[in-house]
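Chemist: Mind having a look at this structure? Questions to follow.
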Amino acid sequence: MALTITERDKALLMIFGGVVIAGLTYYYGYYGLNEKTIVIEDENVTLSNQVQLLTTVSANKDTYVNDTDRYILNTNKIMAGYPSLVTTADKIMYTELLTNILVPTYTYEAVLNEPVAMDIMVPEREDQLSGAGADVTGLIALNQYESDGTIPDVTGLMFYDSVEVMTFDTTYNGLKQIILNVVNNEDFKNVTELNVSYDSSTGRLSGDMTIDYYYLEGTDKEYTFPSPGLINHGTDNIFGDVTDIQSSGQ
Numbered sequence: 001m002a003l004t005i006t007e008r009d010k011a012l013l014m015i016f017g018g019v020v021i022a023g024l025t026y027y028y029g030y031y032g033l034n035e036k037t038i039v040i041e042d043e044n045v046t047l048s049n050q051v052q053l054l055t056t057v058s059a060n061k062d063t064y065v066n067d068t069d070r071y072i073l074n075t076n077k078i079m080a081g082y083p084s085l086v087t088t089a090d091k092i093m094y095t096e097l098l099t100n101i102l103v104p105t106y107t108y109e110a111v112l113n114e115p116v117a118m119d120i121m122v123p124e125r126e127d128q129l130s131g132a133g134a135d136v137t138g139l140i141a142l143n144q145y146e147s148d149g150t151i152p153d154v155t156g157l158m159f160y161d162s163v164e165v166m167t168f169d170t171t172y173n174g175l176k177q178i179i180l181n182v183v184n185n186e187d188f189k190n191v192t193e194l195n196v197s198y199d200s201s202t203g204r205l206s207g208d209m210t211i212d213y214y215y216l217e218g219t220d221k222e223y224t225f226p227s228p229g230l231i232n233h234g235t236d237n238i239f240g241d242v243t244d245i246q247s248s249g250q
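Pasting the structure below:
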């Protein structure tokens, strides 16, 4: 039996085929193109942000260069101010130096504590250009700054605070000179506590002073052991001074 297709069936088949073709055209054509358009628009937004970032960096290049140079200068200056080590011998010699600033100054006790390690807080470097994307690699390289100096690496350093409590007897001017020597010393030190009493019968000051000695371990500085020189050596006092101030006839 032969299959007969009427004109009506042909028309229906043509309509159905047209609908299928239209659907496929929409799905693979317009819909697919729309998805690509969305992706391109997202990429354009990203690239626009990258261009804006690079424009800002380029406009502020001089500021970034100056800030980097200032960071290098200040960091090197700070690192240069700390010795590589502070030993008990260093404390003794410095205490003797303070004693000899203005005679008669007497140091009749010095408690030397063990150094305490302290953490160095290193802020993380924020490199905004690193996330700019591969498409603008050339622009990033063009705007990068290479300093003439080397940015110091402080991540491997260990900071120490070594404390001394020095008991003293001196004049007003003597105490003033001692404090000035501590705060202006080429190796960073600090007076963190000072207790002073005045003796009206002698006009002298006595008390105790807490001195913090700081040093950085891990720098390229070499440690030089101090020379004892002409330091006094007392029987009951390493500094050679009398232990009973009042009986010394001040």
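So the sequence shown is residues 1 to 250, counted in my numbering.
Beta carbons: idealized from backbone N, C-alpha and C, even for Gly.
On the three-state DSSP scale, how would you describe I211?
Modeler: I211 falls in the strand class under three-state DSSP.
Chemist: Closest by CA to T170, which one among V163, N181, D199, Y214?
Modeler: D199
Chemist: At which residues does the beta strand (DSSP E) containing V165 begin and terminate?
Modeler: 158–170
Chemist: Is the segment 216–228 close to the segment 177–184, with three or more CB pairs under 8 Å?
Modeler: For the pair of segments examined, the segment 216–228 was found not to touch the segment 177–184: the number of CB pairs separated by less than 8 Å stays below three.
Chemist: Please classify K176: does DSSP put it in a helix, a strand, or coil?
Modeler: Helix, per DSSP.
Chemist: I need the boundaries of the beta strand (DSSP E) containing N190, first residue and last residue.
Modeler: First-last of the beta strand (DSSP E) with N190: 189–199.
Chemist: Rounded to the nearest angstrom, what separates A89 and V183 at their Cα positions?
Modeler: So the alpha carbons of these two residues sit roughly 20 Å apart.
Chemist: What do you get for V57, buried or exposed, if any count of 16 or more other CB atoms within 10 angstroms of its CB means buried?
Modeler: With at least 16 other beta carbons inside 10 angstroms of its own, V57 counts as buried.
Chemist: Is the segment 215–225 close to the segment 72–87, with three or more CB pairs under 8 Å?
Modeler: The answer is yes - the segment 72–87 touches the segment 215–225, with three or more Cβ pairs under 8 Å.
Chemist: By Cβ distance below 6 Å, which residues in the same chain neighbour I40 in space, the five residues on each side in sequence not counted?
Modeler: none
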